[in-house]
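The listed protein sequences correspond, in order, to chains A and B. Heads up: the first sequence begins at 1 in my numbering, then just goes up one per residue. Heads up: the second sequence begins at 113 in my numbering, then just goes up one per residue. For glycine and all other residues, C-beta sits at the position ideal for the given N, C-alpha and C. One structure is given here, and the rest of the page talks about it.
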Amino acid sequence: SQQGEEDPQALSIQEGENATMNCSYKTSINNLQWYRQNSGRGLVHLILIRSNEREKHSGRLRVTLDTSKKSSSLLITASRAADTASYFCATARTSGTYKYIFGTGTRLKVLA
Amino acid sequence: NAGVTQTPKFQVLKTGQSMTLQCAQDMNHNSMYWYRQDPGMGLRLIYYSASEGTTDKGEVPNGYNVSRLNKREFSLRLESAAPSQTSVYFCASSEALLGTGGRAQHFGDGTRLSIL
Chain A
1 SQQGEEDPQA LSIQEGENAT MNCSYKTSIN NLQWYRQNSG RGLVHLILIR
51 SNEREKHSGR LRVTLDTSKK SSSLLITASR AADTASYFCA TARTSGTYKY
101 IFGTGTRLKV LA
Chain B
113 NAGVTQTPKF QVLKTGQSMT LQCAQDMNHN SMYWYRQDPG MGLRLIYYSA
163 SEGTTDKGEV PNGYNVSRLN KREFSLRLES AAPSQTSVYF CASSEALLGT
213 GGRAQHFGDG TRLSIL
């Protein structure tokens, strides 16, 4: 069963604009990760946020986590054409966890 | 720095044939994983190996077997391929078993498998 659901499913923006994508999940988590997948490639880890953290930054990426709403957002600032990719959230549950549950992803297209 | 290497990159099989997907990592990671990715479904865990010598089922293990050959290599075998197993298969590795504080997974570029 799906744990993380990204929203929107697809997003198209102009270069230089900010891109925001959201992830909602159903059960309590230990941590949440965001990954990027370029067409025809494997997933690349972007950032991890733990359940006791509310916000993390990495370069042009900003991730927030709201455990009360069971949601996270990924903000990419000043987007570039090279940011065109699919973005996935992955959640690790708190109890007996040994795996991450991946969402279905947001397809981001950045137009030059 | 190769990271996670998967072979083959593409494969077409007929229903009932068997094959083994190979995966090797050069990062000295303890844990390795096999996922399948289908349109609109995200990634689903097939099997994982917490450490050399151990393997466990994930969400969708039916029709698959795995072998953790050594610390570097983790193979996935389809004994009797079915059209429902047409998918893109990804191998991943991490320093330690996920959930113990969280560890990034490192992915290979996938094997695109079609079963006719």
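Residue i burial status per 10 Å Cβ neighbour count (16 or more: buried)
{"i": "A/A92", "result": "buried"}
{"i": "B/M144", "result": "buried"}
{"i": "A/F88", "result": "buried"}
{"i": "B/K169", "result": "exposed"}
{"i": "A/K117", "result": "Outside the shown range of chain A (1 to 112) lies residue 117 of chain A, about which nothing can therefore be said."}
{"i": "A/S95", "result": "In this prediction, A/S95 has a pLDDT of 48, which is less than 50 and means its spatial position is unreliable; what the coordinates show is noted afterwards. So A/S95 counts as exposed."}
{"i": "B/R215", "result": "buried"}
{"i": "A/G16", "result": "exposed"}
{"i": "B/T223", "result": "buried"}
From the options, residue whose alpha carbon lies closest to that of residue i
{"i": "B/Q137", "options": "B/Y159, B/G170, B/C203, B/N174", "result": "B/C203"}
{"i": "A/Q33", "options": "A/G40, A/S39, A/Y25", "result": "A/Y25"}
{"i": "B/R148", "options": "A/G103, A/A112, A/R80, A/R107", "result": "A/G103"}
{"i": "B/D150", "options": "B/A216, B/H141, B/T198", "result": "B/T198"}
{"i": "B/S187", "options": "B/S206, B/W146, B/Q217", "result": "B/W146"}
{"i": "A/N18", "options": "A/S73, A/T67, A/I49", "result": "A/S73"}
{"i": "A/G40", "options": "B/S205, B/S161, B/Y176, B/Y201", "result": "B/Y201"}
{"i": "A/D66", "options": "A/G59, A/E55, A/L46", "result": "A/E55"}
{"i": "B/M139", "options": "B/V172, B/V178, B/R184, B/N177", "result": "B/R184"}
{"i": "B/P173", "options": "B/G165, B/E191, B/S163", "result": "B/E191"}
Contact list for residue i against chain A, beta-carbon separation under 8 Å
{"i": "B/G165", "result": "The contacting residues do not exist; B/G165 stays about 16 Å from chain A at best."}
Within chain A, partners of residue i - CB distance below 9 Å
{"i": "B/D138", "result": "In chain order: nothing, as chain A lies at least about 15 Å away."}
{"i": "B/F186", "result": "Per Cβ cutoff of 9 Å: no residues; B/F186 is ~15 Å from chain A at best."}
7 Å Cβ cut-off: residues of chain B touching residue i
{"i": "A/G103", "result": "G154"}
Amino acids of chain B, ordered along the chain, whose beta-carbon sits closer than 9 Å to that of residue i
{"i": "A/R62", "result": "Neighbours of A/R62 on chain B: none; closest Cβ ~18 Å, over 9 Å."}
Neighbouring residues, chain B, relative to residue i (Cβ below 8 Å)
{"i": "A/H45", "result": "A216, Q217, H218"}
{"i": "A/G16", "result": "By Cβ distance, chain B contributes nothing, its closest Cβ being about 29 Å from A/G16, past 8 Å."}
Would you call the region 21 to 32 of chain A in contact with the region 113 to 132 of chain B, where contact means no fewer than 3 C-beta pairs closer than 8 Å?
no
Taking only runs of the alpha helix (DSSP H) that begin and end inside the region 125 to 152 of chain B, which ones reach a length of at least 4 residues, in chain order?
none
Please go through the region 58 to 90 of chain A and give each complete alpha helix (DSSP H) segment of 4 or more residues, from N-terminal end onward.
none
So within the region 166 to 215 of chain B, which uninterrupted beta strand (DSSP E) runs reach at least 3 residues, ignoring any that extend past its ends?
176 to 180, 186 to 190, 199 to 206
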